[in-house]
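Colleague:
Number of protein chains: 2
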Amino acid sequence: MKRYEKYADDIAELIRSGVLAPGQRVPSVRYASQAHGISPSTVFQAYYLLERRGMIRARPRSGYFVNPGALVQPAQAFSEPQVSAHVSESTEVDVSELVFSVLDSIKDPNTVPFGSAFPSPMLFPLQRLSRSLASASRDMDPRMVVTDMSPGHPQLRRQIALRYMVGGLMLPMEELLITNGALEALNLCLQAVTEPGDLVAIEAPAFYACLQVLERLKLKAVEIPVHPRDGIDLGILAQTLERYPIKACWCMTSFQNPTGALVPEARKRELVELLRKHQVPLIEDDVYAELYFGPHAPKPAKAFDTDGLVMHCGSFAKSLAPGYRIGWVAAGRYAQKIERLKLMTSLCASMPVQAAIADYLQHGGYDRHLRKLRYALEDQQRAMLAAVSRYFPAQTRVSQPAGGYFLWLELPESVDSLHVFRVALAQGISIAPGPIFSPARRFAHCIRLNYGSPWTEAAEKAMETLGRIIRSMLGH
Amino acid sequence: MKRYEKYADDIAELIRSGVLAPGQRVPSVRYASQAHGISPSTVFQAYYLLERRGMIRARPRSGYFVNPGALVQPAQAFSEPQVSAHVSESTEVDVSELVFSVLDSIKDPNTVPFGSAFPSPMLFPLQRLSRSLASASRDMDPRMVVTDMSPGHPQLRRQIALRYMVGGLMLPMEELLITNGALEALNLCLQAVTEPGDLVAIEAPAFYACLQVLERLKLKAVEIPVHPRDGIDLGILAQTLERYPIKACWCMTSFQNPTGALVPEARKRELVELLRKHQVPLIEDDVYAELYFGPHAPKPAKAFDTDGLVMHCGSFAKSLAPGYRIGWVAAGRYAQKIERLKLMTSLCASMPVQAAIADYLQHGGYDRHLRKLRYALEDQQRAMLAAVSRYFPAQTRVSQPAGGYFLWLELPESVDSLHVFRVALAQGISIAPGPIFSPARRFAHCIRLNYGSPWTEAAEKAMETLGRIIRSMLGH
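Those protein sequence lines, which keep their order, are chains S and P. Be aware that the first sequence starts at 1, since it is given in the working numbering, and climbs by one per residue. Be aware that the second sequence starts at 1001, since it is given in the working numbering, and climbs by one per residue.
1. Should F1406(P) be flagged as near chain S, meaning a C-beta pair shorter than 7 Å?
2. If we count the other Cβ atoms within 10 Å of its Cβ and call it buried at 16 or more, is R448(S) buried or exposed?
3. For T91(S) and chain P, any beta-carbon pair shorter than 7 Å?
4. Could you give the DSSP three-state label for R25(S): helix, strand or coil?
5. At the level of alpha carbons, what is the spacing between M252(S) and A402(S)?
6. According to DSSP, what are the bridge partners of F1406(P)?
7. Would you please verify whether the beta carbon of F118(S) is less than 7 Å from any beta carbon of chain P?
8. Please tell me whether P322(S) has its Cβ less than 7 Å away from any Cβ of chain P.
9. Can you name the residues that DSSP bridges to Y1292(P)?
10. Confirm, please, whether the CB-CB distance from L1217(P) to L1177(P) is below 7 Å.
11. Could you name the residues that DSSP lists as bridge partners for L1199(P)?
12. I'd like to know if G452(S) contacts chain P, where contact means its C-beta is closer than 7 Å to some C-beta of that chain.
13. Helix, strand or coil for I178(S) per DSSP?
14. Pop quiz: P205(S) and S414(S) are said to be a contact at Cβ under 8 Å. What is the actual Cβ separation, rounded to whole angstroms?
15. What does G1181(P) reach in chain S if we use C-beta pairs closer than 8 Å?
16. Can you find a C-beta in chain P that's less than 7 Å from the C-beta of E174(S)?
17. At the 7 Å Cβ level, is T1147(P) part of the contact set with chain S, yes or no?
18. Of all Cβ atoms in chain S, is any one closer than 7 Å to the Cβ of L1186(P)?
19. Are G314(S) and R333(S) touching if we call contact CB-CB under 7 Å?
20. Which whole-angstrom value is the C-beta distance of Q400(S) and L385(S), which I expect to be below 8 Å?
21. Is it true that the CB of L343(S) sits closer than 7 Å to the CB of S1346(P)?
22. Strictly below 9 Å CB to CB, what residues from chain S border R1422(P)?
23. Taking 8 Å as the limit between beta carbons, can you name the residues of its chain near L274(S), skipping five residues before and five after?
24. If we define contact as Cβ-Cβ less than 7 Å, is P142(S) a contact residue for chain P?
25. Indicate the three-state DSSP secondary structure (helix, strand or coil) for D1285(P) in the structure shown.
26. With burial defined as no fewer than 16 other Cβ atoms inside 10 Å of the residue's Cβ, what is the status of Q1024(P): buried or exposed?
27. Excluding five sequence neighbours on each side, which residues of the same chain lie with their C-beta closer than 8 Å to the C-beta of Q1073(P)?
28. At a Cβ cut of 7 Å, what residues of the segment 1189-1205 of chain P count as close to chain A, listed as they run along the chain?
29. Do you know whose CA, among N1187(P), I1246(P), A1185(P) and G1168(P), lies nearest R1197(P)'s CA?
30. What's the gap between the Cα of A358(S) and the Cα of G365(S)?
31. Excluding sequence positions up to five away, which residues of its chain have a Cβ less than 6 Å from the Cβ of H1086(P)?
32. Just the Cα atoms here: how many angstroms apart are Q1076(P) and G1467(P)?
33. Should M1122(P) go down as buried or exposed, given a rule of 16 or more other Cβ atoms within 10 Å for buried?
34. Would you mind reading off the limits of the beta strand (DSSP E) that contains H1312(P)?
35. Starting from Y1048(P), trace the alpha helix (DSSP H) in both directions and tell me its first and last residue.
36. S33(S) and G63(S) - do their beta-carbons sit closer together than 7 Å?
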């Protein structure tokens, strides 16, 4: 054990045992260095480590403090949700009515937004973005709106490619197309490689927007189970590819919605290899990529694409600029086809907005914002997990994602999550019930909870209420 | 003849006879009032009339001046293009490759943009819009990006409804959905009422983007001839509706692209009535609505819709904010279906941009800008028509639209417009060749010219070159 790890463990023990209480300042670097006879840089290393573990947090110009969530029971206290049983059938997708009725009902801004698909807009640098909008649109060459429509604003595409490069993924500029959010990108990808009636392999549970896109394009779904920690089941995917004429595979490889699963790097490589063997394109929905809690950004499956078969979709909606509707796709061998589909569908994304985000990426301090955002989400996850353990029935299983802002909960089997949804909504609390994540309306006893808003008294109370509602359905 | 009409005629005669030269100031209101013994308001009425006729133009704080284009020969000097022969067949649409190769080749900003689909961005208040972007995005309630995504920014929808109301069309707010430009709106409309393989009645010639949308959705086109002045041929449309199971009719009712045709109000009413009889929805592409040269805005067909069968699509791209990509649709009985399709396709249009345009409509002086824009376009049309008469072969037929920024030219039959396109492009001039406006690649000897840029020496020279190219193909 290295010196700094030893010191970090000492401090962690002080926190666990309650000597250092949540909110309390940990010893200053100078004090610790003198008291323990270690160098300041060793102390710093220890504090960085504790910060990454979520135990402490830096406040600008005032030192390190114990995190409010540091004392929450760690993962082991919860069982993970189970992998869904595999249903080896393709399903016509017809879930939109249910999804819309759920989404419509949770628009009320006074509802506690556990059912929301978005993190709180308050977590984003909207004022700083507004400055970028002002200056970028003022300085934009007007001719650009005619000449640079497709495949998108050159500076923005360069900035995105640069970020990938720093993360170890070389994306040629030519492959990058800017879209109206990732949802449009995903629509275009599916459309580029399928005809109505075709089969598409999707996750079970899957993000409901994926189901809606399939429905809109009249495609059939073959559901592949998702492990709540490791993601899509590659064994079953392999069998499915042998058995069915699958035309595409849609997969959220990092912090899957709704489970939060993160496919480990080695398995991402396997996934790409498996699909390459069958020459089936992978549509990689990677909109939560920036919201990791660990020390490093997880690599996308696209990083292992040697064949141009991976269509990799990203977005700023969840990490920087909700409502700006700027996403992108790096579509490999399908790039030109998708660029043309985009031109036929909606020409291009809003030019001043593209210019603004390019400006922000260059001058706005994106990485600083992301660090803050990740800390906030990790804290909020801890607080919500603690509330689950306080208020929910003991048989509850819950995922503990390493990023994103969703928990996936498996309630006791007798609980009907659509019933929970309705009762909770009547009390001003929204949740996302399991059946909206499955074309076969499975996951009847599962719910997705959003911890993307700052944790408040009201959130704590809402969790207590939810727990009571669920327990009442068990006849306790 | 009223007093002011008499005085207006006198001044017009002075202009025609050359007494008042282009650019010269006409008598001031005070001077004219004293000299002719008429009231100042009579003089004003006369000048307004002359202004509407394009003879004179007001300059702020310096009075009225003779228009540079006032002396150009009026319409009678040209024959109109002929109505295309009716082909009574449905056609699979497969024109995209040709369209893309034409569009790709005219992206170069150094090319004289007669082939462009856009007016010059220089004609728009982009700096003022940029101020609206800054203030509106700064003041926007962040929660709006979650709660008001669909059907769009409430203030923007209110402002649009208000403009229609002033024009005599009551559009309920609930019907209005904001989209990523009109192109997305048109895509959604077609998708809402068709299945692959269905027949759609379109114009001949038709805007090529319409053809691309049909191609993308695997629809078949039935072409209805367009008169270059009055628009779609209602007799043939009626026969077609009797004979074929038409699922929708797509029509640009005002300043049609490419001919510039304006369907008169009475015939718009007939069109709506005819389609109502067959219960066929009308997709009304009305993106040039604000670019009229006459004294009044033409009413859209939507104004005569009693049955909710008209899906009316508009946009700010051609009249205010190119590149902002904000359009809308008022879809009558299909409104909810289209709202849901939009949610599945791209969620919503960029929120800060919607807020900015709402702000501009309220405070930016939209009507003042539109007046200037219309004058500019009318002047430029006059200049281009004059150049056609100077440089093009005598057999040339040309439309003389009452709005928009396109001329449709019918060249002598032996001229191959794709050949003209290639030769002209090699000399730095773009044009839009006829075949891109037809699924059957007809209109081989027609071209569309864009007069949406300020008239320059280079434009004049380019017209001379074009004329020479065309004449060389006649063996003159």
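Positions of the beta carbon are idealized from the N, C-alpha and C atoms, including for glycine. These numbers were taken from a predicted model, which means no experiment stands behind them.
Modeller: Taking the definition as stated:
1. no
2. buried
3. no
4. strand
5. 14 Å
6. N1450(P)
7. yes
8. yes
9. G1403(P)
10. no
11. K1220(P) and I1246(P)
12. no
13. strand
14. So it is not a contact: roughly 19 Å between Cβ atoms.
15. S346 and L347
16. no
17. yes
18. no
19. no
20. 7 Å
21. no
22. Neighbours of R1422(P) on chain S: none; closest Cβ ~21 Å, over 9 Å.
23. L234, L237, A238 and L241
24. yes
25. strand
26. exposed
27. Any answer about Q1073(P) is weak, because its pLDDT of 49 lies below 50 and its placement is not dependable; what the coordinates show is given next. For Q1073(P), where only same-chain residues beyond five positions count, the Cβ hits under 8 Å are L1385, A1386 and S1389.
28. The structure shown contains no chain A; its protein chains are S and P.
29. The displayed chain sequence assigns Gly, not Arg, to residue 1197(P). Selected option, being the one with the closest Cα: I1246(P).
30. 12 Å
31. P1225 and I1236
32. The predicted position of Q1076(P) is uncertain, since its pLDDT is 43 and thus under 50; no value can be drawn from it.
33. exposed
34. V1310 to S1315
35. P1040 to R1052
36. no
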